[in-house]
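First up is the structure itself, then whatever we jot down about it.
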């Protein structure tokens with residue numbers, strides 16, 4: 236069935252059925268009234284700061300060929316949750332403004348909405364509202380609300396801090412190259428890479444752990460590549476950065492050691508530095524953490540932390556050290572304009 | 236200068252300069268970090284419920300010919316504020332996700348952003364964040380946050396309540412007909428009608444007064460025409476409605492009595508019932524208010540209230556009474572699908 240046959244009100248009724256909320260927290264949810272109503276007394280939990288973020292994904296720019304409607308919906312939530320994670324927040328509510336072409340099949344919307352609900356509920360977030368308009372291409376604008384008592388900003392890094400990252404970088408970039416037939420791996424490994432690109436995992440738990448470690452000084456998510464994200468921390472904190480090429484965790488372990496994958500060390504580093512889509516967290520820690528074996532072990536285990544650099548005075552700029560050589564880091568990555 | 240010359244980060248820096256926020260309420264505002272950070276301790280003011288709403292406006296669907304960039308920005312905020320008004324809330328924060336064609340001039344964005352800031356600041360609302368993507372047409376998705384202690388829902392109307400509306404309806408519809416050359420009035424009156432369509436005024440103060448009157452039972456804003464809005468109250472409250480055609484305030488006074496305007500009574504009523512864009516509030520009051528002269532006078536004066544109908548049992552459906560005649564109201568208006 237096409238959406239035009241369903242009508243706007245029929246479509247809204249069909250969509251909101253999928254969103255499960257706890258009426259004690261959300262007395263009025265999606266499709267029920269002019270606004271969503273959230274009971275701060277129930278949800279606030281002692282947190283002082285409200286976090287809000289909004290991010291748009293659209294068919295032509297953000298969705299590589301081969302993504303399912305479920306994965307598109309999932310991603311629209313994930314990219315917003317990632318911004319909450321990047322400040323160490325706990326997300327609790329999500330809104331979705333859908334721009335949908337008129338010829339879309341109702342079953343496509345069902346799958347899209349299932350992806351939205353799946354990602355939100357995986358991270359304890361209620362889908363509380365939204366909007367629908369007819370548009371020339373699929374456009375998903377999400378807004379996510381979260382709470383925290385100590386927001387971890389981009390601006391807190393100090394000279395001497397160590398630069399760290401969660402997980403590994405470059406799987407999403409590799410998937411793009413596989414989709415473009417620039418590289419080849421086994422079907423099984425292709426699926427691993429595509430999962431990173433098609434269904435990104437926001438690092439909510441990791442961000443919370445880092446923000447509450449007592450040793451973190453700044454944080455950001457890596458949505459447009461490591462180079463642009465480290466530049467944001469450098470700018471926000473008025474510092475320079477030296478990254479150590481050898482320690483940047485490029486590709487997840489299955490892919491890193493695959494023999495079919497013919498990539499030079501430089502090509503590997505490029506995957507991490509200049510491509511988007513990974514949604515890992517980049518953060519800085521007070522240098523004294525290096526002497527705190529218990530904390531180091533906790534962070535390695537719980538947030539899969541790698542130490543990839545150090546904060547230097549701003550005059551030194553942003554550089555990449557490879558063995559004995561040190562060169563200025565190019566600041567390029569994904570930009571919309 | 237074109238946006239492509241400015242670059243994404245240059246464009247963001249240019250935009251966020253325009254947004255003035257109180258750092259005590261908004262420690263991190265637009266362009267500063269992954270999320271906006273709002274200090275609930277400062278902003279909450281004893282209110283229990285958080286209100287959130289999102290609404291999209293786009294060039295091809297929502298912006299009639301002749302609208303300035305300033306008015307497009309203003310409208311993107313106004314339609315969201317109107318949803319906060321419709322629950323009696325006090326807005327405090329706004330986010331804007333911009334979809335912008337690459338060939339847009341930077342001066343267009345300056346004017347658009349000035350309109351966003353002007354509407355938000357007029358209604359004591361801080362623009363705290365947003366997003367920018369490149370799109371095929373101009374798309375503005377706003378998200379507004381508000382607070383209230385007693386959200387006035389669509390679902391509280393009871394049999395016997397009186398149905399009321401703020402201000403007057405139909406100016407925006409008339410402006411559309413003037414733009415289409417279907418009708419003619421003096422230049423001065425054309426400007427009055429166009430102001431309603433091009434720069435709608437969200438009824439924040441009125442909504443707050445109604446919600447705090449102690450006699451209101453339900454409320455909604457009239458974005459897609461009176462017929463569809465009254466149908467939402469009827470559905471939400473499981474009641475019927477009888478509207479009195481003679482008392483519906485069609486057109487603002489300057490236009491209502493203009494002799495150049497050749498419109499039959501029926502055509503006038505149509506302007507109010509079946510066209511969108513007015514953003515007045517539709518609400519119901521406990522019938523006993525009719526005997527409370529002081530409250531009636533207060534509401535007439537402060538929210539420009541007209542009594543336009545009464546709530547009846549749901550079996551009676553939704554009807555329009557004209558003199559002795561009563562007929563079923565057609566439920567049509569603006570629909571996206």
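Chains as they are written, first to last, in the working numbering: chain A, 236 to 572; chain B, 236 to 572.
Here a beta-carbon is modelled for each residue, glycine too, at the ideal position from N, C-alpha and C.
A distance below 8 Å between beta-carbons, with the five flanking residues on each side excluded, links residue 384 (chain A) to the following residues of its chain, in chain order: 281, 282, 283, 284. If you draw a 10 Å sphere on the C-beta of residue 315 (chain B), you find 16 or more other C-beta atoms in it, and that means buried. Chain B places no beta carbon closer than 9 Å to that of residue 236 (chain A), leaving this residue out of the contacts. Contact with chain B is absent for residue 485 (chain A), since none of that chain's Cβ atoms lies less than 9 Å from the residue's Cβ.
Following the DSSP letters along the chain, one finds residue 327 (chain A) inside the beta strand (DSSP E) bounded by residues 325 to 335. Here the C-alpha atom of residue 309 (chain A) lies approximately 43 Å from the C-alpha atom of residue 403 (chain B).
Counting only Cβ-Cβ distances below 8 Å, residue 324 (chain B) has contacts in chain A at 270, in chain order. Excluding the 5 residues flanking it on each side, residue 373 (chain A) has same chain C-beta neighbours closer than 6 Å at 294, in chain order.
According to the DSSP assignment, residue 556 (chain B) belongs to no alpha helix (DSSP H) but to the beta strand (DSSP E) extending over 553 to 557. The residue from B:248, B:470, B:517, B:289 with its alpha-carbon nearest to that of residue 368 (chain A) is B:289. When the beta-carbon positions are compared, residue 394 (chain A) and residue 553 (chain A) stay at least 9 Å from each other. Here residue 308 (chain B) carries a helix assignment [DSSP, helix/strand/coil]. Identification of chain B residues near residue 364 (chain A) by a Cβ-Cβ cut-off of 9 Å yields 287, 288, 289, ordered along the chain. For residue 314 (chain B), the three-state secondary structure derived from DSSP is helix.
When CB distances to chain A are screened at a threshold of 7 Å, the residues of the segment 450 to 461 of chain B falling below it are 455, 456, in chain order. One Cα belongs to residue 467 (chain A), the other to residue 392 (chain A), and the distance between them is close to 11 Å. Look at residue 386 (chain B): its C-beta is under 9 Å from a C-beta on chain A. At least one CB atom of chain A sits nearer than 9 Å to the CB of residue 282 (chain B). Annotation for residue 423 (chain A): the continuous alpha helix (DSSP H) segment containing it runs 422 to 433. Neighbours of residue 273 (chain B) across chain A, judged by C-beta separation under 9 Å: 284, 285, 286, 287. For residue 503 (chain A), the uninterrupted alpha helix (DSSP H) run begins and ends at 500 to 509, by DSSP.
The segment 437 to 455 of chain B makes no contact with the segment 481 to 491 of chain B: fewer than 3 CB pairs, one atom from each, lie closer than 8 Å. Residue nearest to residue 360 (chain B) within the set B:551, B:436, B:328 is B:328 (criterion: CA-CA distance).
Within chain A, not a single residue places a beta-carbon under 7 Å from that of residue 521 (chain B); the smallest gap is close to 20 Å. About 7 Å separates the CB atoms of residue 331 (chain B) and residue 362 (chain B); that is less than 8 Å, so the two are in contact.
Of the other Cβ atoms in all chains shown, fewer than 16 fall within 10 Å of the Cβ of residue 535 (chain B); this residue is therefore exposed. Taking 9 Å as the cut-off between beta carbons, the residues of the segment 313 to 346 of chain B near chain A are 317, 318, 319, 320, 321, 322, 324, 328, 330, 331, 332, 333, 334, 335, 337, in sequence order.
According to the DSSP assignment, residue 266 (chain B) belongs to no alpha helix (DSSP H), since it is labelled neither H nor E. The alpha-carbon of residue 237 (chain A) is positioned some 23 Å away from that of residue 364 (chain A). A distance below 6 Å between beta-carbons, with the five flanking residues on each side excluded, links residue 457 (chain B) to the following residues of its chain, in chain order: 464, 513, 515, 517. The criterion of a C-beta distance shorter than 9 Å is satisfied by residue 343 (chain A) and residue 304 (chain A). Annotation: Cβ neighbours of residue 293 (chain B) in chain A (cutoff 8 Å, chain order): 334, 368, 370. Distance from the CA atom of residue 450 (chain A) to the CA atom of residue 501 (chain A), rounded to whole angstroms, is 32 Å. Per DSSP, the continuous beta strand (DSSP E) segment holding residue 453 (chain A) begins and ends at 451 to 456. Of all residues in the segment 242 to 271 of chain A, the ones placed with a Cβ closer than 7 Å to any Cβ belonging to chain B are 242, 243, 246, 263, 268, 269, 270, 271, in chain order. Here residue 259 (chain A) is exposed, its C-beta having fewer than 16 other C-beta atoms within 10 Å.
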